[in-house]
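Colleague: One structure is given below, represented as structure tokens, and several questions about it will come after.
There are 2 protein chains.
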Amino acid sequence: MGALDFKQVMVIRRDLGMGTGKIAAQVAHAAVMAAERTKQKKPDWFHSWFEGGQAKVVVKVQSFEELIDVKNHAESLKLPVVLVQDSGLTQIPPGTATCVGIGPAPADLVDKVTERLKLL
Amino acid sequence: MGALDFKQVMVIRRDLGMGTGKIAAQVAHAAVMAAERTKQKKPDWFHSWFEGGQAKVVVKVQSFEELIDVKNHAESLKLPVVLVQDSGLTQIPPGTATCVGIGPAPADLVDKVTERLKLL
């Protein structure tokens, strides 16, 4: 399997009114946490991806329920997944679920969860 | 030193006309790469930050020259720093320098480099 066959996908809520800087920080939280989790659970996936271009895709959902559906679906496929809950110092209430990070993982597996979602 | 005394800062160019999704992906690249670099060079900094809230700040610059100035300044203070160059598949030419990631590192050290920059 080639390096391009691994990717990491971040799924961000677009119903919270977050600005660009806030969104970027939430996506970065998800990316770092999911990368660390993958490194522990699937080190070969992490290293193939890290050395091979670190493909990242950012997609969007419009509600908490949609975000949790994505998380549950990813977990049911045994993908490494993290849920970001904001500390709420700015813009949104503490504990708000903002973003999910998946992988890095084999692209065909991640696609089962996220390919129907629109790019941010 | 408490957990809140560590932070990671991402510096993004705002002169490239990148959209929100593109910006979020570049910031996430910088965050993952800088976190990995810090883990190798300063593991105690990484772990204090990772276990203690993972504070992240995203700030902006308006040119390539400003971005490189930030990178050079951070390196002169021996901070872990990475430069993201986009693969250029969408929106901007291949190899374009888009973003710098610094740390995580002690906040007072990072502030010497980034405190004058505006939040994204």
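Keeping their order, the protein sequence lines are chains A and B.
Add 48 to a position in the first sequence, counting from 1, and you land on the number used in our numbering.
Add 48 to a position in the second sequence, counting from 1, and you land on the number used in our numbering.
Don't be surprised by glycine CBs; every beta carbon is placed ideally from N, CA and C.
Taking a Cβ distance cut-off of 9 Å, strictly less, list which residues of the stretch 155 to 168 of chain B are near chain A, in chain order.
Modeller: Going along the stretch 155 to 168 of chain B in chain order, one finds Leu-167, Leu-168 with a Cβ nearer than 9 Å to chain A.
Colleague: Under 8 Å: do the stretch 158 to 165 of chain B and the stretch 88 to 101 of chain B share three or more Cβ pairs, one atom per stretch?
Modeller: Flag = no, the stretch 158 to 165 of chain B and the stretch 88 to 101 of chain B do not touch.
Colleague: Can you tell me which residues form a DSSP beta bridge with B:Ile-60?
Modeller: The partner list for B:Ile-60 (beta bridge, DSSP) reads B:Lys-108, B:Cys-147.
Colleague: Is A:Ala-103 helix, strand or coil by DSSP?
Modeller: A:Ala-103: coil per DSSP, three-state reduction.
Colleague: Under the assumption that A:Val-57 contacts A:Val-130 (Cβ atoms under 8 Å), give the Cβ distance between them as a whole number of angstroms.
Modeller: With 8 Å as the limit, A:Val-57 and A:Val-130 do not qualify as a contact, their Cβ atoms being about 12 Å apart.
Colleague: Along the beta strand (DSSP E) that carries A:Leu-24, what are the first and last residues, could you check?
Modeller: Outside the modelled stretch of chain A, which goes from 49 to 168, sits residue 24 of chain A, for which no answer is possible.
Colleague: Decide if B:Asp-134 is buried, meaning its Cβ has at least 16 other Cβ atoms within 10 Å, or exposed.
Modeller: By the 10 Å Cβ count, B:Asp-134 comes out buried.
Colleague: Quick one: grab the DSSP three-state call for B:Pro-91.
Modeller: If DSSP states are grouped into helix, strand and coil, B:Pro-91 belongs with the helices.
Colleague: Tell me where the alpha helix (DSSP H) around B:Thr-162 begins and ends.
Modeller: Counting along the chain, the alpha helix (DSSP H) containing B:Thr-162 begins and ends at 155 to 162.
Colleague: How is B:Gln-115 classed by DSSP in three states: helix, strand or coil?
Modeller: Looking at the sequence provided, one finds Leu at residue 115 of chain B rather than Gln. Of the three classes helix, strand and coil, the one that applies to B:Leu-115 here is helix, per DSSP.
Colleague: What three-state label does DSSP hand A:Lys-70 in the structure shown?
Modeller: Residue state, collapsed to three classes: helix.
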